[in-house]
Amino acid sequence: MLDVGCGGGYYSRAAKAGGMTVCSVDPVPDFVEMISDSVDEAYVGDVESLSVEKQYDLVLSTGVLEFVTDPKVALLNLCRLTASPGRLVILVPRSGWMGEAYRLEKAFSGFRVNLFDPGWLSAHASHEGFRMRSMSRPLPFNLVLSFERL
């Protein structure tokens with residue numbers, strides 16, 4: 000599994016405890032240092048420019064795409080990192096009035112936030128050979144989408 004934007008390592012640690020081989024990546028060196036002893040590999044990097052020669056059976060990106068400069072580049076890079084067959088799982092804030100409320104809340108903290116429409120994500124992933132497996136709304140303002148490479 001590749002956890003892109005691992006932060007404090009919640010998902011990375013859970014995957015490792017479940018017996019998976021885990022690679023964690025985050026742009027914040029302190030987060031990478033914090034997780035490095037708990038996973039198989041850990042790197043400093045960001046989703047838009049991440050250049051890893053491997054592909055992974057499972058690529059996870061939670062709370063990352065909303066903060067990138069170019070969401071399309073970031074999504075295509077996540078697709079490139081996903082093996083065939085493989086699964087890509089992303090958590091993003093969704094477009095709509097609840098997403099706009101989330102965007103406003105983040106703006107007060109100085110952050111610019113991207114909101115996502117599932118159709119946009121599905122269309123771009125489909126162009127890269129993926130199909131949507133599932134979609135859920137764990138909170139009113141976000142989406143979890145699971146894609147599999149065809």
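If you're matching positions, the sequence shown starts at 0 in numbering that gives the first Met the number 0 and goes up one per residue. Using N, Cα and C, we set each Cβ at its ideal position, and we do this for glycine too. Given the structure is predicted, the values throughout are model-derived calculations rather than measurements.
Which listed residue (the options) has its alpha carbon closest to that of residue i
{"i": "L77", "options": "P139, F30 and S125", "result": "S125"}
{"i": "L59", "options": "F129, L80, Y42 and V43", "result": "L80"}
{"i": "A14", "options": "P26, L57 and Y42", "result": "L57"}
{"i": "P26", "options": "V88, G128, D39 and V43", "result": "V43"}
{"i": "G128", "options": "F107, A100, S108 and S83", "result": "S83"}
{"i": "D169", "options": "V88, D45, V24 and L87", "result": "Since the first residue of the chain shown is 0 and the last is 149, residue 169 is not available in this structure."}
Anticipated Cβ contact below 8 Å, residue i with residue j, distance rounded
{"i": "L114", "j": "P92", "result": "5 Å"}
{"i": "L142", "j": "M134", "result": "6 Å"}
{"i": "E194", "j": "V67", "result": "The structure shown does not extend to residue 194, since the chain spans only 0 to 149, so no value can be given for it."}
{"i": "L144", "j": "I89", "result": "5 Å"}
Exposure label - residue i; buried when at least 16 CB within 10 Å
{"i": "F110", "result": "exposed"}
{"i": "Y10", "result": "buried"}
{"i": "A16", "result": "exposed"}
{"i": "E146", "result": "Here residue 146 turns out to be Phe, not Glu, going by the sequence shown. Buried is the call here."}
Near the ligand ZN: residue i beta-carbon under 7 Å from a heavy atom
{"i": "E47", "result": "Looking for the ligand ZN in the displayed structure turns up nothing, as the structure carries no ligands at all."}
- Which ranges does the alpha helix (DSSP H) cover as unbroken runs of at least 4 residues, wholly within the segment 39–119, from first to last along the chain? Fully enclosed alpha helix (DSSP H) runs of 4 or longer: 70–80 and 96–107.
- Query: With contact counted as at least three CB pairs below 8 Å, one residue from each stretch, are the segment 1–20 and the segment 60–76 in contact?
  - Reply: The segment 1–20 vs the segment 60–76: in contact.
- Tell me, please, whether the segment 109–123 touches the segment 46–58 by the rule of three or more beta-carbon pairs shorter than 8 Å. Using a Cβ-Cβ distance cut-off of 8 Å, the segment 109–123 and the segment 46–58 are not in contact, since fewer than three pairs of beta carbons, one from each stretch, lie closer than that value.
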